[in-house]
Amino acid sequence: MTKKFYITTPIYYVNARPHIGHAYTTIACDTIARRHRMLGEDTFFLTGTDEHGQKIERAVEGSGKTPQKFADEISAEFRALWDRMGLTYDDFIRTTSDRHKRGVQELFRKIRDNGYIYKGTYTGQYCVYDELYVDAVGPGAPCPECGRPTETVHEENYFFKLSAFADKLLKLYTEQPDWIRPETRRNEVTSFVRSGLRDLSISRSTFSWGIPVPDDPKHVIYVWLDALANYITAIGYGSPDKSDQEKFAKYWPADLQMIGKEIVRFHCVYWPAFLMAAGLPLPKGIVAHGWLLFEENKMSKSRGNIVRAETILDVLGSDALRYFLLREIVFGQDGSFSFDALVPRYNADLANGLGNLASRTLTMITRYFKGEVPYPSPAAQHKASDDTIADLARKTIADYAEFFDQYQFSKALEAAWGLVAAVDKYIVENEPWALGEKQDEESRARLATILYTSAEALRIVTALAHPVIPDSTAKIWAQLGLGEIKNFDLTELKWGQLHLGTKLGNVQAVFPRADKSAVERMQKMEDERRAPQIATEPVVHAAQTPPAAKPSNGGGPAATPAAATPTTPAAADAKPAAPVPDGKITIDDFAKVELRVGQVRIAERVKGADKLLRLEVDLGTEVRQVVAGIAESYAPETLIGRKVVIVANLAPRKLRGLESNGMIVAASPEGGKAILCSFLEDVPVGTRLK
Ligand code: MSP
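Each residue of the sequence shown is one higher than the one before, starting from 836 at the first, in my numbering.
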């Protein structure tokens, strides 16, 4: 019977458009799925989008769209990008789909029927960014995971008896040490569980963007229970349909669940506990990779340091991005992305490496042997250098498989490109072009051996690299005269299978060299793309309707004060009424200044200005762009989620070409750094100060 292989990516939040951090996980899974298909396994590769919860509900606020419309648009963007990149997912699950909702409710019922759910009251802190209940104490206390201010939640919830699973989970981690990889993540999870598990709230009742709890629709199911269930609902869990049930029986449990390191707890503690409680088998293994960093920080929308895959696709193509991410980053660890590193790696390994090997080998076969793979001379006449290549190719096939199966993609590719380099050197040392000028039998035989050896090594590297760089290897394969690479059975890959006399296809360069301007072009495209990124969180200019105070959304106050003011004092542009004799203003004068509570959504440095930060501040009914001179006091990432006071009716003005619509209020001690005005109590976004 054919072996099955079920692999999943996390499902992506729809609060942000896809960037190369998301692409990284999906590319890694696509690569693994492709290799398993080439090995003849019945492979099912799942990805999708995570569309419910408070985080998404908040992202939608002020967009003028319904959450569903918002989710439809961003989800479609993910899908369109995966399609453009040729990612071979077999299904794309959306958590707002009926099949998913039905499955989640079924899972909830099952866990409840098995006695693991009870009603209680939760009072404590919640991090909306991570959708995580945290143990932090006090309003605004920072989330231990992301450092953003938490919010106080007090509501009636359904609880899951997570505490009942501590021993079973520890047993799982001990008995199956490879269940969580890499080891560092296993240790992290083990100590988390050892430190004691508390029951988990698995419903929310203060907002409605979620899946209703069966028989109690005032509650929506906690978004992580909803999201994790995608791995089973997508393959038919909870469906009354017989074919769905068969599909579920066939593919579950998953063979590999790939995640980023920040969501290990959800996948390695909550997920197996939910499954155990429902009486379902556990996935066979969870692998957590590291983060893609850009300018030393995790690439994320809120940091504003994202790079879009589209930029690289436009300039270098999908294979370049895939190769770079898997070759350059040690899988499991954090790794940096930069255009400065991408272009030289592309030129060295793809254009000059594999691309050059393919074009010189195939061009010489075309020129000297009329485009037919030549007969090598008998083994007895081989030189040691010919056998060295054959031996290295055999070793490369074995090493590549071993590294790949341990998800050490960079090492696997290093091994394959070791063969490319060796063949390159072999060609240079044996000078086939000189032999090509001679007509004697000995020279022809030698030339045939060299070109056969080179072409066979090229075939082997091409087959091995296909899951990583599918488009270009498919072209090289066709140029080698071997037809469609997707029909090739990788289990059969051995040295010496290139058929003699095979007629080559049309020989063409596969990787055009990237010139010096490529880096600059990509950087420019990114700069231009950053502006429309705000589209999901519109920047409303000061000229538009001023915000009205909004009911509380439970936002917590900033935990710590800090930050500098811009330049002019708050009321500078609000023309004061005629001052009363002692220099005081009237209450009417003060009333002209519209001060409101805002929450920082995005903070980033302004290019070429050491003191300025560009902020996007949520005022409850709109998101404002404000340029503030507080860069010397605050690192941008420490401001995300923080509540600030904004002069909301200040006339817009331009700073470094950026329009600033409002001003942030801060104390400016003499000779010291400015300190942002903040609150000790929880104040709803949009509240007016008066
Ligand atoms: N929706 C949850 C996952 C639910 S799974 C049941 C979520 N979504 S996310 O969009 O924020 O991130 C999903 C995944 O995207 C991460 O786990 C990670 O695999 C990938 N990445 C997002 N940003 C990344 C980087 N900067 N670097 C590497 N991977 C990144 O969490």
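Where is the CB? At the ideal position from N, CA and C, for every residue including glycine.
Close-in-space but distant-in-sequence residues of the same chain around residue i (CB under 6 Å, 5 per side omitted)
i       : result
Asp925  : Phe879 and Phe880
Phe1042 : Gln889 and Glu892
Ala1001 : Val1028 and Leu1032
Lys996  : Tyr951 and Asp1034
Arg1020 : Val1099 and Ala1123
Own chain, CB closer than 8 Å to residue i, minus 5 neighbours either side, in chain order
i       : result
Gly1253 : Leu1227 and Thr1231
Asp1445 : Ala1466 and Glu1467
Where residue i falls, given that 16 or more other Cβ within 10 Å makes a residue buried
i       : result
Met836  : exposed
Pro853  : buried
Trp1268 : exposed
Gln1314 : buried
Gly1045 : buried
Leu795  : In this structure the chain extends from 836 to 1525, so residue 795 is not present and cannot be described.
Ala1463 : buried
Asn1182 : buried
Ile1015 : buried
Arg1491 : exposed
Val1263 : exposed
Arg1202 : exposed
Gly921  : exposed
Glu1537 : The chain is shown only over 836 to 1525; residue 1537 falls outside these bounds and no answer can be derived.
Pro1179 : exposed
Gly1521 : buried
Ala1038 : The residue asked about is misnamed: residue 1038 is Ser in this sequence, not Ala. Ser1038 comes out buried.
Pro1012 : exposed
Arg1449 : buried
Val1165 : exposed
Leu1515 : exposed
Lys1442 : exposed
Ser1078 : exposed
Gly1331 : exposed
Leu1160 : buried
His887  : buried
Lys1321 : exposed
Residue i, DSSP secondary structure in three states
i       : result
Leu1524 : strand
Ile1121 : strand
Met1498 : strand
Ile946  : helix
Met1093 : strand
Ala1217 : Inspection of the sequence shows that residue 1217 is occupied by His rather than by Ala. Three-state DSSP puts His1217 in coil, outside helix and strand.
Pro977  : strand
Glu1372 : Only weak support is given to the placement of Glu1372: the predicted model assigns it a pLDDT of 29, under 50, and the value that follows is read from those uncertain coordinates. The answer is coil: DSSP assigns Glu1372 none of H, G, I, E or B.
Val963  : coil
Asp877  : strand
Asp1234 : helix
Glu886  : coil
Arg934  : helix
Val1058 : helix
Val1028 : helix
Leu1007 : helix
Ile1015 : strand
Glu1439 : strand
Glu990  : strand
Gly955  : strand
Asp1175 : helix
Same chain, Cβ closer than 7 Å to residue i, neighbours up to 5 away in sequence not counted
i       : result
Arg919  : Leu1148
Ala1062 : Ile846, Asp885 and Thr930
Trp1059 : Glu966, Phe1101 and Tyr1105
Tyr1086 : Lys839, Tyr841, Phe879 and Ile1070
Residue i at chain D interface by Cβ criterion, 7 Å
i       : result
Asp1324 : Judged by its chain identifiers, the structure shown contains no chain D, having just a single protein chain.
Any non-hydrogen atom of the ligand GDP closer than 6 Å to residue i Cβ
i       : result
Thr1068 : With respect to the ligand GDP, the structure shown offers nothing to examine, as its ligands consist of the ligand MSP.
**Message:** Whether or not the segment 1149-1168 and the segment 1344-1357 are in contact is what I'm after, with contact meaning three or more pairs of Cβ atoms, one per stretch, closer than 8 Å; do they touch?
**Reply:** yes
**Message:** For the structure I just gave you, are there three or more beta carbon pairs, one from the segment 1466-1474 and one from the segment 961-969, closer than 8 Å?
**Reply:** no
**Item:** Sufficient close CB pairs (3 or more, under 8 Å) joining the segment 941-959 to the segment 1088-1096
**Value:** no
**Message:** Under 8 Å: do the segment 933-951 and the segment 853-866 share three or more Cβ pairs, one atom per stretch?
**Reply:** Contact check between the segment 933-951 and the segment 853-866: fewer than three CB pairs, one atom from each, fall below 8 Å, which does not count as touching.
**Asked** How do the segment 1425-1433 and the segment 1125-1138 stand: do at least 3 beta-carbon pairs fall below 8 Å, yes or no?
**Response** no
**Prompt:** Touch check for the segment 1235-1243 and the segment 1201-1214: three-plus C-beta pairs under 8 Å?
**Reply:** They do not touch, by the three-pair rule.
**Prompt:** Quick check: the segment 1201-1211 against the segment 1293-1310, are there 3 or more CB pairs under 8 Å?
**Reply:** no
**Prompt:** Is there contact here, the segment 1061-1074 with the segment 932-943, by at least three beta-carbon pairs under 8 Å?
**Reply:** Enough Cβ pairs lie closer than 8 Å, so yes.
**Asked** Can at least three beta-carbon pairs, one atom from the segment 1420-1427 and one from the segment 1503-1511, be found at a separation below 8 Å?
**Response** no
**Request:** Mind the definition here: the segment 899-909 touches the segment 863-876 only if three or more C-beta pairs lie below 8 Å; say whether that holds.
**Result:** Two segments are said to touch when three or more pairs of C-beta atoms, one from each, lie closer than 8 Å; by this definition the segment 899-909 does not touch the segment 863-876.
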